[in-house]
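Protein chains: 2
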Amino acid sequence: MDEIKIFSPATVANVACGFDVLGFCLDTVGDEMVVRKTATKGISITKIEGYDLPMETKRNVAGVAALALLEKVEVDFGFEIEIYKNIKPGSGVGSSSASASGVVFAMNELLGRPFNKTQLSFFAMKGEAVASGSEHADNIAPGIFGGFTLVKSTNPLEILELPTPHDMYATIVHPQIEIKTSEARAILPKEIVLQNAITQWANVGSLVHGLHISDYDLISSALKDVVVEPFRKQLIPYFDNAKKAALEAGALGVGISGSGPSIFSLNKGEETAHKVAEAFKNVYDQTGIEFNLYVSRINPNGIKIL
Amino acid sequence: MDEIKIFSPATVANVACGFDVLGFCLDTVGDEMVVRKTATKGISITKIEGYDLPMETKRNVAGVAALALLEKVEVDFGFEIEIYKNIKPGSGVGSSSASASGVVFAMNELLGRPFNKTQLSFFAMKGEAVASGSEHADNIAPGIFGGFTLVKSTNPLEILELPTPHDMYATIVHPQIEIKTSEARAILPKEIVLQNAITQWANVGSLVHGLHISDYDLISSALKDVVVEPFRKQLIPYFDNAKKAALEAGALGVGISGSGPSIFSLNKGEETAHKVAEAFKNVYDQTGIEFNLYVSRINPNGIKIL
Chain A
228 MDEIKIFSPA TVANVACGFD VLGFCLDTVG DEMVVRKTAT KGISITKIEG YDLPMETKRN
288 VAGVAALALL EKVEVDFGFE IEIYKNIKPG SGVGSSSASA SGVVFAMNEL LGRPFNKTQL
348 SFFAMKGEAV ASGSEHADNI APGIFGGFTL VKSTNPLEIL ELPTPHDMYA TIVHPQIEIK
408 TSEARAILPK EIVLQNAITQ WANVGSLVHG LHISDYDLIS SALKDVVVEP FRKQLIPYFD
468 NAKKAALEAG ALGVGISGSG PSIFSLNKGE ETAHKVAEAF KNVYDQTGIE FNLYVSRINP
528 NGIKIL
Chain B
228 MDEIKIFSPA TVANVACGFD VLGFCLDTVG DEMVVRKTAT KGISITKIEG YDLPMETKRN
288 VAGVAALALL EKVEVDFGFE IEIYKNIKPG SGVGSSSASA SGVVFAMNEL LGRPFNKTQL
348 SFFAMKGEAV ASGSEHADNI APGIFGGFTL VKSTNPLEIL ELPTPHDMYA TIVHPQIEIK
408 TSEARAILPK EIVLQNAITQ WANVGSLVHG LHISDYDLIS SALKDVVVEP FRKQLIPYFD
468 NAKKAALEAG ALGVGISGSG PSIFSLNKGE ETAHKVAEAF KNVYDQTGIE FNLYVSRINP
528 NGIKIL
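Each protein sequence line maps, in turn, to chains A and B.
Position one of the first sequence corresponds to residue 228 (the working numbering), numbered consecutively onward.
Position one of the second sequence corresponds to residue 228 (the working numbering), numbered consecutively onward.
Shown next as structure tokens:
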């Protein structure tokens with residue numbers, strides 16, 4: 228096989244209570260990429276469609292991730308990459324992660340799968356760092372593993388695959404405003420109140436337990452963020468309104484997707500997910516802010532070959 | 228049934244990463260209690276053996292817990308309580324919890340089980356507050372439910388039963404020094420570094436996942452406390468030595484039991500648990516500090532009728 232086309236899905240990091248560690252994978256929105264072997268050694272990006280991103284390998288997240296993988300293999304050929312972006316950069320649903328994860332997944336396939344998923348995540352993390360300024364895997368892990376994931380640590384990189392209750396759907400609203408990840412990080416305090424931290428880890432433990440036993444009520448009550456949301460929601464106009472409307476429409480829980488501005492909800496069943504989408508729409512329709520809506524089941528498999 | 232005799236086991240709260248929320252139940256050490264119906268209404272404590280504790284109902288944790296339960300039933304009789312304490316107060320393995328939990332468990336049996344385990348935990352929490360100054364359920368929950376528990380919240384009280392891998396044993400060393408719970412709480416900062424909090428909730432999530440899938444390696448790597456132990460270990464002489472020795476002897480993880488001074492380890496298999504006990508012994512034998520050692524499987528059932 229000399230060429231492969233893949234779909235690299237959008238992902239939601241943090242999942243309310245699990246700042247920097249939890250994530251899940253979407254199904255209905257993602258980038259496509261074509262990766263092919265070339266006689267010329269090295270990595271080149273030959274096409275980017277959809278959004279204006281750097282073509283220079285070392286400045287492109289996919290390029291840097293590809294280079295990180297290439298360093299670990301001895302081959303007498305190279306790779307060229309075509310990126311068809313559907314996930315808007317800066318939307319908060321893992322746009323840069325999708326590019327970084329997709330390319331290393333594709334290269335691994337073309338090479339006969341010498342690397343496992345954790346190793347691929349490690350390479351992708353190197354790429355993601357170009358966009359976010361630091362190495363995180365909370366969007367990468369769900370893209371590469373699928374389903375819900377927990378990044379236990381980044382050094383060494385340890386990723387856990389959590390179970391996904393089969394009737395779980397996400398709804399995402401992406402208000403078209405710009406929040407830079409670096410700004411979203413800067414707004415967070417360096418220290419937090421111990422009591423809030425306790426609440427947060429009780430919720431993380433409860434959410435993990437709830438996913439294992441498919442207890443939607445427990446999942447719902449665990450989907451709370453008392454640490455990050457109070458700060459970051461200030462960056463997202465009408466966040467409180469959108470959250471309230473979604474919960475009233477039946478969402479299990481609502482939170483900021485990654486560093487925003489996208490807002491996610493988790494829902495039991497596709498019908499509820501669509502009702503929540505309607506609720507999000509009703510809120511943002513009245514604001515003059517443009518927005519996109521996505522409804523997606525939780526994608527249990529992650530990146531797929533097309 | 229007019230009289231019941233029960234065994235109320237010692238428990239370990241916090242479990243390294245899960246400060247204030249996680250706990251597990253021991254099997255080989257605990258108090259015995261006899262509770263019987265009396266013609267006289269109200270609660271009276273008629274005997275306490277083992278340690279010198281208040282006989283006055285309203286000043287005794289078992290008495291206060293019993294009163295909290297009694298308030299919720301209409302009966303034309305009362306209860307008297309005999310307490311045979313084996314768990315030294317202030318040891319850090321849930322001495323006051325065992326008294327508070329034991330009495331409400333016993334009364335519930337005599338009354339024909341009108342209350343569920345969470346309700347019993349609620350009553351016991353009222354008793355425990357007499358000893359610790361605030362309402363906590365992290366020792367009560369494992370005593371009443373057995374196994375590993377997670378206190379999701381205390382208001383409203385929500386307790387989750389986590390799975391217990393079948394080959395899990397605890398080793399406890401109790402250096403005979405006094406630490407008051409209130410002092411152990413006062414030494415903690417009100418605020419903690421966000422990065423440490425993230426590490427802690429990654430570990431809580433990982434531990435819960437590890438218990439579900441019986442992954443002893445994961446459990447081992449999750450049993451770390453970067454938030455509380457650095458402060459509280461100063462109150463426990465030779466803590467670092469004991470921890471190092473236990474880990475070298477094969478313990479999965481080591482931490483402070485509750486607010487100390489007891490130190491716990493979790494271990495795969497009884498043989499390792501005994502090796503760890505030997506390692507603890509070797510450390511404290513050289514210090515001149517008296518100590519007790521316990522090896523126990525994790526008790527999956529909690530309080531039991533004798």
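Virtual Cβ for every residue (Gly too), placed ideally from N, Cα, C.
Predicted model only: the values in this text are computed from it and were never measured.
Three-state secondary structure (DSSP) of Arg340/A:
Here Arg340/A sits in coil by DSSP.
What residues are listed by DSSP as bridge partners for Lys232/B?
Bridge pairing for Lys232/B: Val261/B [DSSP].
List the residues of chain B whose Cβ lies closer than 8 Å to the Cβ of Glu418/A, in chain order.
Here the neighbours are Glu418, Ile419, Val420, Leu421.
Stretch-stretch touch, CB-based, cutoff 8 Å, three pairs: the region 396-403 of chain A with the region 353-366 of chain A:
Contact between the region 396-403 of chain A and the region 353-366 of chain A is absent: fewer than three C-beta pairs spanning the two stretches fall below 8 Å.
Starting from Phe518/B, trace the beta strand (DSSP E) both ways and give me its first and last residue.
Per DSSP, Phe518/B belongs to the beta strand (DSSP E) from 518-524.
According to the neighbour-count rule (16 or more other Cβ atoms, all chains shown, within 10 Å of its Cβ), is Pro457/B buried or exposed?
With fewer than 16 other Cβ atoms within 10 Å, it is exposed.
Using the Cα positions of Gly317/B and Ala240/B, report the straight-line distance between them to the nearest angstrom.
Distance between the alpha carbons of Gly317/B and Ala240/B is about 13 Å.
In the region 379-403 of chain B, which residues sit with their C-beta less than 7 Å from some C-beta in chain C, listed in chain order?
Chain labels in this structure do not include chain C; the protein chains are A and B.
Do Ile310/B and Ile275/B come within 8 Å of each other at the CB atom, strictly closer than that value?
In this structure, Ile310/B lies closer than 8 Å to Ile275/B by Cβ.
So Phe246/A contacts chain B; which residues on that side make the cut at Cβ distance below 7 Å?
By Cβ distance, chain B contributes Ile425.
If I measure Cβ to Cβ from Ser441/A and keep anything under 6 Å in the same chain, skipping five residues before and after, which residues do I get?
Scanning its chain for C-beta atoms nearer than 6 Å, with the 5 sequence neighbours on each side dropped, one finds around Ser441/A the residues Pro392, in chain order.
In chain B, which residues lie less than 7 Å from Gly496/A when you measure between Cβ atoms?
Within 7 Å Cβ-Cβ: nothing; Gly496/A doesn't reach chain B, min ~24 Å.
Using the beta-carbon count (16 or more within 10 Å), is Met334/B buried or exposed?
With 16 or more Cβ atoms within 10 Å of its Cβ, Met334/B is classed as buried.
Let's test the definition: count the other Cβ atoms within 10 Å of the Cβ of Leu249/B and tell me whether it reaches 16, buried, or not, exposed.
With a 10 Å radius around the Cβ and a threshold of 16 neighbouring Cβ atoms, Leu249/B comes out buried.
Once the 5 residues before and after Leu384/A are set aside, which same chain residues still bring their CB inside 8 Å of it?
So the qualifying residues of the chain are Thr345, Ser348, Phe349, Met352, Ala364, Val378.
My parser needs the alpha helix (DSSP H) runs of 4 or more residues fully inside the region 467-527 of chain B; what are they?
Runs of the alpha helix (DSSP H) inside the region 467-527 of chain B: 497-512.
Does the beta-carbon of Gly437/B, which I'm using as the reference point, lie nearer than 7 Å to any heavy atom of the ligand ATP?
Judged by which ligands are present, the structure shown has none, so any question about the ligand ATP falls away.
I want to verify the contact list: residues of chain B whose CB lies under 7 Å from the CB of Ser433/A, in sequence order.
Leu377, Lys379, Leu387, listed in chain order.
Per DSSP, which one or two residues make a beta bridge with Tyr311/B?
DSSP, once it has assigned bridges, lists Glu259/B, Glu276/B as partnering Tyr311/B.
Report yes if the CB atom of Val262/B is closer than 8 Å to the CB atom of Val330/B, and no otherwise.
Against a cut-off of 8 Å, the Cβ pair of Val330/B and Val262/B comes out as a contact.
Answer yes or no: does any C-beta atom of chain A fall closer than 8 Å to that of His363/B?
Taking Cβ atoms only, chain A never reaches closer than 8 Å to His363/B, which makes this a no.
Whole angstroms is fine: what's the gap from Ile516/A's alpha carbon to Ser322/A's?
Separation of Ile516/A and Ser322/A (C-alpha to C-alpha, rounded to the nearest whole angstrom) is 21 Å.
Check each residue of the region 498-516 of chain A: if its Cβ is closer than 9 Å to any Cβ of chain B, include it; give the result in chain order.
Answer in chain order: no residues at all.
Helix, strand or coil, according to DSSP, for Tyr396/A in the structure here?
DSSP, reduced to helix, strand and coil, places Tyr396/A within a strand of the structure shown.
With DSSP as the reference, please indicate the residues paired to Val420/B in a beta bridge.
Under DSSP, Val420/B takes part in a beta bridge, and its partners are Glu418/A.
Name the chain B residues that come within less than 9 Å of Leu415/A, Cβ to Cβ?
The answer, in chain order, is Leu421.
With 8 Å as the threshold, decide whether the Cβ of Ala472/A is near any Cβ in chain B.
With 8 Å as the cut-off, Ala472/A does not count as an interface residue toward chain B.
With a threshold of 6 Å on Cβ separation, who are the neighbours of Ala472/B within its own chain once the five nearest residues in sequence on each side are excluded?
The answer, listed in chain order, is Ala506, Val510.
Can you tell me whether Leu389/A is buried or exposed, with buried defined as 16 or more other CB within 10 angstroms of its CB?
By the neighbour-count criterion, in which 16 or more other beta carbons inside 10 Å mark a residue as buried, Leu389/A falls on the buried side.
Quick check on the DSSP output: the beta strand (DSSP E) that includes Thr376/B runs from which residue to which?
Residues 375-381.
Skipping 5 residues on each side, what residues in its chain have a beta carbon closer than 6 Å to that of Pro464/A?
None.
If you draw a straight line from the C-alpha of Asn313/A to the C-alpha of Pro236/A, how long is it?
One Cα belongs to Asn313/A, the other to Pro236/A, and the distance between them is close to 10 Å.
Could you tell me whether the Cβ of Ala243/B comes closer than 8 Å to any Cβ of chain A?
Chain A contact via Cβ: absent.
Just the C-alpha distance for Asn287/B and Pro281/B, rounded to the nearest angstrom, thanks.
Asn287/B and Pro281/B: Cα-Cα distance of roughly 5 Å.
Just curious, the alpha helix (DSSP H) that Leu294/A is in, first and last residue?
Secondary structure note for Leu294/A: its alpha helix (DSSP H) is the uninterrupted segment 288-297.
For Ser447/B, which residues from the same chain have a beta carbon less than 7 Å from its beta carbon, with the 5 sequence-adjacent residues on both sides left out?
Closer than 7 Å at Cβ, skipping near neighbours: Leu479, Gly480.
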